[in-house]
Amino acid sequence: MLRVIESSHEGGHLTNATCYQDLGTLYQAVGETDQAKDFYERALDILLKELGAEHVNVVASYHSQGSLCSDLGETDQAKEYYNRALEIRLKKLGAEHVDVAASHDNLGSLHSALCEIDQEKEYYNRALETRLKKLGAEHVEVVRTFLLFNLGCVYNEVGEFEEAQYCQDRALLREGKHVQR
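Per the UniProt record's numbering, the very first residue in the sequence shown carries number 1; after that it's consecutive.
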């Protein structure tokens, strides 16, 4: 398959980058991290060459690299990739764009793994604020921020029990309702 990808376009073509990115994701999912890293790096090299370092389409590659580094326990490197992705999105899309919330989620998750609760809470709250403002309280992404990222649990860990209860109540309330997509 790789030969087909590489021979079907001249080296460096954006289609190759997409294929490499997808292959990296596949290899990461099955635990073959060396292969995943190789494909992610190939994708990033092409994207940087073809689109430039400040293009929003480069962000997915930074997120993938950050995720892999996080999985490998390379948290400093993961933080660099996630911060780079956030910087690009902030610069190109603005602080209130919903894609910026995804970058905040990634950084919140990383800080959670590092037991850096204050930073975790800060990033999850930023993601939540953006999603509430742009998508509304009933949107699935807002519910995910409450449920999947357990913002209530973060507040509970730091002893902010009223905030924890509020988040958990909101999550349960939203979970029982039909959620907009």
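No residue lacks a Cβ here, since even glycine has one placed at the ideal position from N, Cα and C.
The structure presented is a predicted model; accordingly, all values stated were derived computationally and were not measured.
Checklist entry - So, is V143 buried or exposed, given that buried needs 16 or more other C-beta atoms within 10 angstroms? => result Classification for V143: buried.
Next on the checklist: Counting only C-beta atoms, is D38 closer than 7 angstroms to chain B at any point?
Outcome noted: Of the chains in the structure shown, none is chain B; there is only one protein chain.
Item to check | Segment contact, 8 angstroms Cβ cut-off, at least three pairs: the segment 38–48 with the segment 12–20 | outcome: Counting Cβ pairs under 8 angstroms, three or more are found: they touch.
Next on the checklist: Going by C-alpha to C-alpha distance, which of I117, I88, E32 and E141 sits closest to L128?
Outcome noted: Checked all of I117, I88, E32 and E141; the closest Cα to L128 is E141.
Checklist entry - Just checking my contact of E122 with I88 at CB under 8 angstroms: how many whole Å lie between their CB atoms? => result Between I88 and E122 the Cβ distance is about 20 angstroms, and since that is not below 8 angstroms, they are no contact.
Checklist entry - Would G52 be called buried (16 or more neighbouring beta carbons within 10 Å of its own) or exposed? => result So G52 counts as exposed.
Item to check | S64 versus A78: straight-line alpha-carbon distance, rounded | outcome: Looking at the two C-alpha atoms, the distance is approximately 9 angstroms.
Item to check | Through-space distance from L72 to V100, alpha-carbon basis | outcome: The straight-line gap from Cα to Cα measures roughly 24 angstroms.
Item to check | Proximity to S112 [Cα-Cα], best of R84, E80, H13 and E157 | outcome: For the residues R84, E80, H13 and E157, the minimum Cα distance to S112 belongs to E157.
Item to check | Terminal residues of the alpha helix (DSSP H) in which V59 lies | outcome: Note, V59: alpha helix (DSSP H), V59 to D71.
Checklist entry - Which first and last residues belong to the alpha helix (DSSP H) in which L114 is found? => result Careful: L114 lies outside any alpha helix (DSSP H) and carries neither H nor E.
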